[in-house]
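Each remark here refers to the structure printed beneath this line.
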Amino acid sequence: MKNIINHLNKKAVNISYEEVLSLAKGSIGRPHIAHELINKGYALSINDAFDRYISNNILGDVREPSLSIKNAIKVIKDAGGISVYAHPNLTDKNFFNDLREMKEIGLDGIEVSSPRYGLSRQKELMEICNKLNLIKSGGSDFHGFHKGIDIEPKNGINEIEFKNLIRSIE
Numbered sequence: 002m003k004n005i006i007n008h009l010n011k012k013a014v015n016i017s018y019e020e021v022l023s024l025a026k027g028s029i030g031r032p033h034i035a036h037e038l039i040n041k042g043y044a045l046s047i048n049d050a051f052d053r054y055i056s057n058n059i060l061g062d063v064r065e066p067s068l069s070i071k072n073a074i075k076v077i078k079d080a081g082g083i084s085v086y087a088h089p090n091l092t093d094k095n096f097f098n099d100l101r102e103m104k105e106i107g108l109d110g111i112e113v114s115s116p117r118y119g120l121s122r123q124k125e126l127m128e129i130c131n132k133l134n135l136i137k138s139g140g141s142d143f144h145g146f147h148k149g150i151d152i153e154p155k156n157g158i159n160e161i162e163f164k165n166l167i168r169s170i171e
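Each residue of the sequence shown is one higher than the one before, starting from 2 at the first, in my numbering.
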């Protein structure tokens, strides 16, 4: 996240990596930067921070170093975890073929349920999971802030999908 923070500093947004790290208590993500933007008075809300400062559209080519998909899946597997693709981009024309390739290198599942998704997107993702025999996962998009947040039942996976997810962890 240092590249994003440096980019913001060049735009006269005065936040530091250390300040953001103190909020994160570990791995830093853009939600932590958003909170620091709120703390410093640059943004009114998480959505405002993303809309005005840290969305992909605003950041353009500013990127952080990242693992390749293959290496990320390997790290997850080596740690005994299951690999689930969160926030999948259905608009990518190669999405299905990319998923098939990811499955071949060890992808276990896809996040099919999230507050971000409408019912049609959830249905499409579930159909893809069925075709590729991938685990269905649900997410709240909860990144460690807003303790006590309510997760509505409609934003989860069903009991059978949950049991399949647990079985694959065991």
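For glycine and all other residues, C-beta sits at the position ideal for the given N, C-alpha and C.
Under 8 Å by Cβ, that's how I've got residue i and residue j pegged, so tell me the actual separation to the nearest angstrom.
i	j	result
V85	I55	Not a contact, Cβ separation roughly 24 Å.
L60	I6	About 11 Å separates the two Cβ atoms, so there is no contact after all.
Residues in the same chain with beta-carbon distance under 8 Å from residue i, minus the five sequence neighbours each way, listed in chain order, please.
i	result
N246	This structure leaves residue 246 out entirely; the chain is present only between 2 and 171.
C130	G110, I111, V113, I136 and K137
K78	S84 and G107
Label residue i either buried or exposed according to how many other C-beta atoms from any shown protein chain fall within 10 Å of its C-beta, with 16 as the threshold for buried.
i	result
L126	buried
A50	buried
G149	Note on G149: pLDDT 45, under 50, position unreliable in the model; the coordinate value appears next. Exposed, because fewer than 16 other Cβ atoms sit within 10 Å of the Cβ of G149.
E162	buried
G82	exposed
G27	exposed
K12	exposed
Please go through the same chain and pick out, in chain order, the residues whose beta-carbon is closer than 7 Å to the beta-carbon of residue i, but skip the five residues on each side of it.
i	result
V21	M2, I6, I29, H33, I34 and E37
K71	I106
N10	none
K164	none
A25	H33
R122	L91
Considering only their Cβ atoms, is the gap separating residue j from residue i smaller than 8 Å?
i	j	result
S114	I136	no
L68	R101	no
Y43	V63	no
L108	I74	yes
With a cut-off of 8 Å, does the C-beta of residue i fall near any C-beta of chain B?
i	result
K104	Note that chain B does not occur in the displayed structure, where there is just one protein chain.
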